[in-house]
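**Student:** This structure is in structure tokens; I'll ask about it shortly.
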Amino acid sequence: MHSTENKRKAIGIIGGMGPYAGLDLERKVFDSVMATSDQDYPDVMMISASRLIPDRSYYILHPDKENPCIGISYCVKKLAAMGATHIAIPCNTAHSPIILNQVKRFIEVNGIDVTLMNIVEETYKWVKENLPAKKLVLYATQGTYYSKVYNLFFDAQKNDQGQQEHFIVEPDDLDKQLIWNAIYSRDYGIKAFSNPIQNQAVENFRIVTEKMYAQGYDTFIMGCTEIPLAMGRLRMPITKIDPAKIMARALVKAVCPDRLKEF
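Counting with our numbering, you get residues 2 to 264 for the letters of the sequence shown.
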């Protein structure tokens, strides 16, 4: 992380992971701003570069294949040159250490003067500030599950008594496959059909969510930027945590804190 105190602060977004992820985060940034005119909004720059950034889950599971860090790092450099001071990657899987640590190293080695925001850290901060001690169900890609990026971060956080208060729970393997299909299926998955969402993708999440709710879980982290598109159509007495919305608010707080809306 570098100092950006003497620069005009601006938001940079690395989009394209999937196709609507960057647009979704940008919309949530603007939705988080108190404004009475165009000029009240922060400067936001976005690069959507799907062709430059191979699938993150595939790389985590097959690290000898195409490396998404190269494309992500290229976008960081471009956004910094455009004036971005605080950069967000709207992809939970890209925050897995095998990917994010390479991007951080690129920033450090090249002396790029930006702050790279972390969607997992920001999500935990929100959970800690707003929810009592409890277990939270994580919906995510196979890459995020495999890397344990949420689990490891939450497990490392302790209260003043040295105790963990918030725990990550994962669905079973069959339900993880339903989630994976809802995101990646070429027949109905959200990556292939973002607008409109296919009913089968929503149905997959309904099946898993009803099962987890019956087991006593009522709080769900939507740990992939596509998931809120489907989960938003579920009408159940549950708490849905959207890391992208939390990240958007963290970005606004970083660049223009006096204009941050109430949650």
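Even for Gly, the Cβ is constructed at its ideal location relative to N, Cα and C.
With distances taken between CB atoms, is the gap from P91 to I120 smaller than 9 Å?
**Tutor:** Yes, these two residues count as a Cβ contact at 9 Å.
**Student:** Would you check if the distance between the CB atom of K126 and the CB atom of L117 is smaller than 9 Å?
**Tutor:** Their beta carbons are not under 9 Å apart, which means K126 does not touch L117 by this criterion.
**Student:** Going by the beta-carbon positions, is the gap between I61 and I15 smaller than 9 Å?
**Tutor:** Result no, Cβ atoms of I61 and I15 do not sit closer than 9 Å.
**Student:** Which partner residues does I15 have in the DSSP bridge list?
**Tutor:** According to DSSP, I15 bridges with I48.
**Student:** Check K29 in the structure and name its three-state DSSP category.
**Tutor:** Helix at K29.
**Student:** Beta strand (DSSP E) containing L139: first to last residue?
**Tutor:** Counting along the chain, the beta strand (DSSP E) containing L139 begins and ends at 135-140.
**Student:** Classify M35 as helix, strand or coil using the three-state DSSP reduction.
**Tutor:** In the structure shown, M35 sits in coil (DSSP, three-state: anything other than H, G, I, E or B).
**Student:** Between E227 and the rest of its own chain, which residues show a CB-CB distance below 8 Å, the 5 nearest in sequence each way excluded?
**Tutor:** Result list for E227: G19, Y21, A22, I184, I191, K192, S195, in chain order.
**Student:** Rounded to whole angstroms, how far is the Cβ of Y189 from the Cβ of Q178, which I believe are closer than 8 Å?
**Tutor:** About 14 Å; that fails the 8 Å criterion.
**Student:** From L137, C225, E130, L230, pick the residue whose C-alpha is nearest to that of Q143; which is it?
**Tutor:** Nearest C-alpha to Q143: C225.
**Student:** Using only CA atoms, which one of K159, H63, A202 lies nearest to P229?
**Tutor:** Closest by alpha carbon: A202.
**Student:** Would you say S74 and F31 are within 9 Å of each other, going by their C-beta atoms?
**Tutor:** Their beta carbons are not under 9 Å apart, which means S74 does not touch F31 by this criterion.
**Student:** Might you give, ordered along the chain, the residues of its own chain that have their beta carbon closer than 6 Å to the beta carbon of K8, omitting 5 neighbours on each side?
**Tutor:** Hits under 6 Å: T86.
**Student:** Sorted by chain position, which residues of the same chain lie with C-beta nearer than 8 Å to M2's C-beta, five sequence neighbours on each side aside?
**Tutor:** Model confidence at M2 stands at a pLDDT of 48, short of 50, so the residue's coordinates are unreliable; what they give is reported in the following sentence. So the list reads T116, L117, once near-sequence residues are dropped.
**Student:** Where P55 and R236 are concerned, what is the direct C-alpha to C-alpha distance, given to the nearest angstrom?
**Tutor:** When rounded, the distance between both Cα atoms is 34 Å.
**Student:** Taking the C-alpha atoms as reference points, what is the distance between I71 and S51?
**Tutor:** The alpha-carbon atoms of I71 and S51 are separated by roughly 12 Å.
**Student:** Buried or exposed for D259, going by 16 or more other Cβ atoms inside 10 Å?
**Tutor:** Exposed: under 16 other Cβ atoms inside 10 Å.
**Student:** Return yes when the Cβ of V209 is within less than 9 Å of the Cβ of P244, no when it is not.
**Tutor:** No; because the gap between Cβ atoms is not below 9 Å, this pair is not in contact.
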